[in-house]
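For reference, the structure is listed below as structure tokens.
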Amino acid sequence: MLTRRTLLSGLAAAAAAPARAQETKWPTRPLRIIIPTSPGGSPDIASRLLGEKITGRLGQSVVVESMTAGGGVPGLQQVSKSKDHHTFAMLTGGFATQAAVLKNLPYRPLEDFSYITSVVRYPIVYAVKPDSPIKSFKDYIERAKANPGKVSNGIAAAGSVYHLLGKWVGNLAGTEINLVFYRGTALALQDVLGGRVDAMTDAATSAIPRIRSGQLRALAVTSAERYPLLPDVPTMAETVPGIKVESWLGLASAPNTPKPIVDRLNSEIRRALGLPEVQKWARDSGVLTAPSTPDEFRNRVAGDIKQWSDIVVRNKISI
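This note's numbering applies: residue 226 is where the sequence shown begins, and numbers increase by one.
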């Protein structure tokens, strides 16, 4: 007997069938990964490497596109508004600091993206030139306390994770550190090596090669525990309790991305991150692979935004 309930159930199933069929056929064309940074950096290399590893399994190629205009915000807006389920973003830790500092973003950082998985994680490194009179991070902090505003730290870009971290270190240590802003870490490196700036803050991705080559000497890392790729370098928290920061890369898409697609990509990225050649690339690049569930990745971003927003408010930072 045909009842109203069975009729409605049948209509609902029929309506859902095309959507399920579309998801089953996904992907139907090349995937596009937008990165908010310049070509040649870790987000670019990681996106291309993972794209190469999942292409054969998905049956479609992966195209990586760098969109750096406006701090990468317009590119990320494209992803947040995308409706084709073939456009993605390789987010960086800077996504969270932008959300904390910039008040008029054209997207809601948590609500307007589907979080797929984190990809890698790595700390920030405080470093000096090899023959610097500053012997340790504890020495660095003691000098800063004895000479407030005199001990300098070279950082890339106002409003960046390095800027907010520098303020946070000063807050917790109870002193003022002279933050010197540069357009990129290469210029900061020149002044550190020339003795014009006492120290510099850099991501492990670029600091570790410089440390391994003897160009810089590490004082401390921001991770909660000693970093496996720099096991002899103390954490900042050993001197200034409370510091705990790791930057990251992670894949995201538009908020309307169907769960089967999110789950499929999550599974494929996890598999790729476990491959020996990808693990080797990670170690050589100074990062650790960090696959996660979609919820774990979203929670990480939410926690970072909260942490950095508190520091922005406390220090009245406006960009």
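We put the CB at the ideal spot given by N, CA and C, even for glycine.
Within the same chain, and ignoring the five residues on either side of Ile436 in sequence, the residues whose Cβ sits closer than 6 Å to its Cβ are Ala443. Under the Cβ criterion (8 Å, minimum of three pairs), the region 358–370 does not count as touching the region 379–391.
Residue state for Leu330 is assigned as coil, using DSSP reduced to three classes. The beta carbon of Met315 sits closer than 7 Å to those of Ile258, Ile260, Pro268, Ala271, Ser272, Leu474 and Leu476, all from its chain and outside the five residues before and after it, given in chain order. Ranking Ser343, Gly395 and Lys354 by CA distance to the CA of Arg368 puts Gly395 first. Contact check for Pro516 against Leu498 passes: the beta carbons are separated by less than 8 Å. Cβ-Cβ distances below 7 Å link Ala428 to Tyr347, Ile349 and Ser472 in the same chain, with the five nearest sequence neighbours on each side left out; the list follows chain order. Counting along the chain, Asp427 sits inside no alpha helix (DSSP H); it lies in the beta strand (DSSP E) bounded by residues Ala424 to Ala428. Between the alpha carbons of Leu256 and Glu493 lies a gap of roughly 13 Å.
In the structure shown, the three-state DSSP call for Arg368 is helix. Counting of Cβ neighbours within 10 angstroms places Pro355 among the exposed residues, the total staying below 16. Sequence-distant Cβ neighbours of Arg254 in its own chain, meaning closer than 8 Å and more than five residues away, are Gln285 and His311.
Within the DSSP bridge table, the entry for Asn481 names no partner.
Annotation for Gly395: the continuous alpha helix (DSSP H) segment containing it runs Val386 to Ala398. Note on Ser510: 16 or more other CB atoms within 10 angstroms of its CB, so buried under the neighbour-count rule. With a cut-off of 8 Å on Cβ pairs, the region 478–491 is in contact with the region 330–348, counting three or more such pairs. Shown here, Ala324 sits in a helix according to DSSP, grouped into three states. Nearest to Thr482 by C-alpha distance, out of Ser448, Phe313 and Pro264, is Phe313. In this structure, the alpha-carbon of Thr262 lies about 32 Å from that of Lys375. For the 8 Å CB-CB criterion, Ala424 and Tyr332 do not form a contact. Boundaries of the beta strand (DSSP E) harbouring Gly379: Ser377 to Ala381, taken from the DSSP string.
Listed in chain order, the non-local C-beta contacts of Leu397 below 6 Å within the same chain comprise Val465 and Gly467, local neighbours out to five positions each way being set aside. Note on Ala294: under 16 other CB atoms within 10 angstroms of its CB, so exposed under the neighbour-count rule. Secondary structure note for Arg442: its beta strand (DSSP E) is the uninterrupted segment Arg442 to Val446.
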